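Engineer: Dropping the structure in here first, questions after.
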Amino acid sequence: MKSASQIMRELVAVQSDTGTTLEVNVAAKILELIKEDEYFRANPDLCGAYQDDDALGRPVVWALKRGSSARTLIISGHYDCVETQCYGPLQEYALNPDSLKNLMKENSTTDEQLRRDLEDDNWVFGRGTADMKGGLAAALFALRSWPGGEVNVLFTAVSDEENLSAGARQAVGLYADLKNRFGLDYRLCVICESCRRNPEKDDPFPFASGGPGKILPIVLVKGELAHSCDVLGGLNSALIMAEVIKNVELSPDFLSVDGDVSTQPPATQLARDLKEHYDVSLPQYSAAAFNMTFLTSTDPMDLISRLRKVCVRSIETVIARYNQVFDTMKNRGLLSREKKAWTVPPTMTLEELRSSVLQKKAAFKEFEEHLRRRTAQRLSAGQTLQEASVAYLKEIVEFADITPPAVVIGVAPPYYGAVSNDRLGWDSAQFLSSIQPNLQRLHGIRMVEASYATAMTDMSYMSCVDPQSAQQVMNNMALPSGIYDIDFAGIAEMNIPTLLIGPAGRDIHQAAERVYLPDVERNVPEILLEIMKTL
Ligand SMILES: [Zn+2]
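In this text, residue positions in the sequence shown follow our numbering: the first is 581, and each later residue adds one.
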C-alpha cells in the first residue's frame, strides 16, 4: 500500500492556489487516490465529488467506508494552499520537497531552528506540506488502512479554506445528503490541520476542541460635502472615520475572554475615503473595516453594539472639535459664515437602515435588484468581496438620502462563528480516556486538550449553537443574497463536535513551510485509527 509520505508528495506536486480553478486539479487527484483503494473500486457509489454552487467548480471530495452501526466519524481537511511567490528564486521548486530542501540548504539562514530542520530527515519542506496536504495524506492513509468495523468513516476534502471557506460551507449540503442516504449519525469530526507541537521535545499532541470566530464590520461614514477651502461649511467623513479607527484599533473594549483564553484586540483591515477622483471637496463618504475575533463567550452582535457606541462617541468628538474651532475663529472675527448646527445621529446597522428605507421608499425593491446586478459586475471585474461590500453599503446609504453626519454599520465576508465542543455537551475527558491508554502503550503518543485553536478554521462551519444571532450577523452582510451565504440553520441541525488533530508543522504560509514526517506517516494515522476503533 502507498505510504502516507508518498500520498503527501503526490498531493503537494499538484498546485492548488486558494481561490483559483487550480484547486480543481488537486480535487481530481484526491479522488484518483481514493479510487486506488480496493474498497472504493468495489463500491464506486461510496465516493465522489460533490458539487453544489461553487463558482469555480471546486467540489467536496468524499469517500465513505461503511460500518455495521450508524455511528460516523468524519475525517477532513482542505486541499487549497496559499501562493508560492514568496519562494522567490526557488518558486519553481516549491512543490518538489527534495529539490527544495537541497537548494534551501545552500542558502545561509540566521534561523537556528530552520537550519537544524534542514539537516533533519524528519522534516519535509514545500508549499502545502504542513497546511495541509500532510494532514490530508494522513487522513487518506488512515481511511485506506481502516479494515472496517462498527463505525462509518467518512473522509472529506474541501476547497478554499485559506480564502473564504467556500468548501466547508458547500460541505454542509453534502453532510445532510449523506446522512439521509446512508442513515449516518455524525458523532465526531477530526480536521487534520497541522499543530505547533515540538516533536523534538516530545511535546504531547494537542487537540483543539473549539475555534475562535471572526467578524469584519464595516463602518460607512457620511459627512457633509463642502469646498475644501470652506472646511467649516461641511464635516469631513475622513475625520470621523479616523476618530472611529483611533477608538477601535487595539481597544481592550472589544476583547473576548473565555476562561484563561482571550482574543487579541481589533485591527483596521481597510480604511479609505470613497472619492473616485481628485477635486477640491471634502470626502463625503469614508469607510473602515475592522478585523474582530471572538470566543463562544461573546455574542458577535454584542461587538456590533460596542462598535455603535464608539461611533457615537467619535462623531461627538468631531462635532465638539468643529464647534471649538468655529467659536475661536468667530470670536477673533476671522469668520463671516454662520455656524452649522450638527446633531449626533443614532448609528444604524445595515439591517435597520434597510427596513426603514423599505417603509419609506417603494422603489427600494427595484433599486436592490439593480444593486444586485452592479455588485455581480463589480465582482467579475475583479473587485474583492470587501470592496464590493463597501460599494454596496455606500449605494444604499446614498439611496436612503440620510442627513449627515451619519454612520451605518454593515458586515463584510468572511464570517466565522466561534465554536466549542463544550457547548455541544461533548465530553472531552471521556474521549481522552477512550483513546489515550492504547495510544500511549502501543505508540508512545500522549494527547492534551486545547480549548481553542489559535486561528480560524473550517471548524467554524461544523456547529452553531445560536443560529439566531448568526442569522442576525448575516442580515447585516453588505452584499445581495446569493453571493456569500452561510446555511446556519443547516449547520445547527448537524452540530458535529469537531477536533483539530494534525501533524506538527512550522512556518506555515511562508517559504520555510515544513511538516514533521513521522506524524504524517505514523502518529496521526494511529490516532485516527484508534478513534475509529473506540468511537
Ligand atoms: Zn490550513
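For every residue, glycine included, the Cβ atom is placed at its ideal position computed from N, Cα and C. Quick caveat: nothing in here was measured; it's all calculated off a predicted structure.
Among the candidates Q1010, L815 and F834, whose CA atom is the shortest distance from the CA of P984?
Structural biologist: Ranking the options by Cα distance to P984, first place goes to L815.
Engineer: Ordered along the chain, which non-local residues of its own chain (more than five positions away) have a Cβ less than 7 Å from that of R533?
Structural biologist: Residue 533 falls outside the range modelled here, since the chain spans only 581 to 1115, and no answer is possible.
Engineer: Which of the three DSSP states, helix, strand or coil, is assigned to K781?
Structural biologist: K781: helix per DSSP, three-state reduction.
Engineer: For M1042, is the classification buried or exposed, using 16 other Cβ atoms within 10 angstroms of its Cβ as the cut-off for buried?
Structural biologist: M1042 should be labelled buried.
Engineer: Taking 6 Å as the limit, name every residue whose beta carbon sits nearer than that to some heavy atom of ligand 1, in sequence order.
Structural biologist: Residues flagged by the Cβ proximity filter: H658, D711, M712, E741 and E773.
Engineer: Helix, strand or coil: how does DSSP classify S831 here?
Structural biologist: Here S831 sits in coil by DSSP.
Engineer: Compute the beta-carbon to beta-carbon distance between E584 and E1101, rounded to the nearest angstrom, for a pair I have assumed lies under 8 Å.
Structural biologist: The sequence shown places Ala at residue 584, rather than the Glu named in the question. Rounded, the Cβ-Cβ distance is 5 Å, consistent with contact.
Engineer: In terms of residues, what are the limits of the alpha helix (DSSP H) holding P1017?
Structural biologist: Looking at the DSSP string, the run of the alpha helix (DSSP H) that includes P1017 is S1008 to H1023.
Engineer: Under 6 Å Cβ to Cβ from D691, same chain only, skipping five residues before and after it: list those, please.
Structural biologist: Taken in chain order, the list of residues that qualify is empty.
Engineer: Can you tell me where the beta strand (DSSP E) with G990 in it begins and where it stops?
Structural biologist: Its beta strand (DSSP E) spans residues A986 to Y996.
Engineer: Going along the chain, which residues of its own chain have a beta-carbon closer than 6 Å to the beta-carbon of G753, five neighbours each way excluded?
Structural biologist: So the list reads D632, once near-sequence residues are dropped.
Engineer: Grab me the residues of N743's own chain with a C-beta within less than 6 Å of its C-beta, minus the 5 sequence neighbours each way, in chain order.
Structural biologist: So the qualifying residues of the chain are T598 and G599.
Engineer: Roughly how many whole angstroms lie between the Cα atoms of N605 and V988?
Structural biologist: Roughly 42 Å separates the two Cα atoms.
Engineer: May I ask which residues mark the beginning and end of the alpha helix (DSSP H) holding N911?
Structural biologist: First-last of the alpha helix (DSSP H) with N911: P880 to N911.
Engineer: Here's a check: name, in chain order, each residue in its chain whose Cβ is nearer than 8 Å to the Cβ of L1019, leaving out the five neighbours to either side.
Structural biologist: Only I1025, R1026, M1027, E1106, I1107 and E1110 meet the Cβ criterion.
Engineer: Quick test of your reading: P846 and E829, contact by CB under 8 Å. State the CB separation rounded to the nearest angstrom.
Structural biologist: P846 to E829, Cβ: 6 Å. Contact.
Engineer: Kindly say whether Q1020, judged by its beta-carbon, lies nearer than 7 Å to any beta-carbon of chain C.
Structural biologist: Checking the listed chains, one finds no chain C in this structure; it contains a single protein chain.
Engineer: Here's a check: name, in chain order, each residue in its chain whose Cβ is nearer than 6 Å to the Cβ of L951, leaving out the five neighbours to either side.
Structural biologist: Same-chain partners within the cutoff: E975.
Engineer: Can you check which of these residues, I655, Y972 and S679, is closest to A718 by C-alpha distance?
Structural biologist: Selected option, being the one with the closest Cα: I655.
Engineer: Between which two residues does the alpha helix (DSSP H) harbouring P1105 extend?
Structural biologist: Segment V1104 to T1114, the alpha helix (DSSP H) holding P1105.
Engineer: DSSP three-state label for Q586, please.
Structural biologist: It is helical.
Engineer: Among residues of its own chain, excluding the 5 on either side of A986, which ones have a beta-carbon nearer than 6 Å to its beta-carbon?
Structural biologist: Excluding positions up to five away in sequence, the list reads K802 and P925.
Engineer: Which runs of the alpha helix (DSSP H) spanning at least 4 residues fall entirely within the stretch 610-661, listed in chain order?
Structural biologist: Those alpha helix (DSSP H) runs which fall completely within the stretch 610-661 and span 4+ residues are 618-622.
Engineer: Using only the alpha-carbon positions, how far apart do V594 and L938 sit?
Structural biologist: Whole-angstrom Cα-Cα distance: 50 Å.
Engineer: By how many angstroms is the C-alpha of P1060 removed from the C-alpha of K945?
Structural biologist: Computed Cα separation, rounded: 12 Å.
Engineer: Considering only residues of the stretch 951-989, which uninterrupted alpha helix (DSSP H) runs meet the minimum length of 4 residues and lie entirely inside it, listed in chain order?
Structural biologist: List check, alpha helix (DSSP H) in window: 965-980.
Engineer: Would you call the CB atoms of G628 and A737 closer than 7 Å?
Structural biologist: Cβ atoms of G628 and A737: not closer than 7 Å.
Engineer: If we require 3 or more residues per run, which beta strand (DSSP E) segments fall completely within the stretch 1060-1104?
Structural biologist: Qualifying beta strand (DSSP E) stretches, in chain order: 1078-1080 and 1094-1096.
Engineer: Between which two residues does the beta strand (DSSP E) containing K802 stretch?
Structural biologist: K802 -> beta strand (DSSP E) spans G793 to K802.
Engineer: Check whether the Cβ atoms of L675 and P797 lie closer than 7 Å to each other.
Structural biologist: Not a contact, by the Cβ cut-off of 7 Å.
Engineer: First and last residue of the alpha helix (DSSP H) that includes R749?
Structural biologist: Per DSSP, R749 belongs to the alpha helix (DSSP H) from A746 to F762.
Engineer: For R523 and E590, what's the separation of their Cα atoms in angstroms?
Structural biologist: Nothing can be reported for residue 523: it is not among the residues displayed for the chain, which extend from 581 to 1115.
Engineer: Taking all protein chains shown into account, do 16 or more other C-beta atoms lie within 10 angstroms of the C-beta of P669, making it buried, or fewer, making it exposed?
Structural biologist: Burial call: exposed.
Engineer: Between the C-alpha atoms of I614 and M821, what's the straight-line distance to the nearest angstrom?
Structural biologist: Cα to Cα, I614 sits roughly 52 Å from M821.
Engineer: Is it right to say P639 is buried, meaning 16 or more other beta carbons lie within 10 angstroms of its own, or is it exposed?
Structural biologist: So P639 ends up on the buried side.
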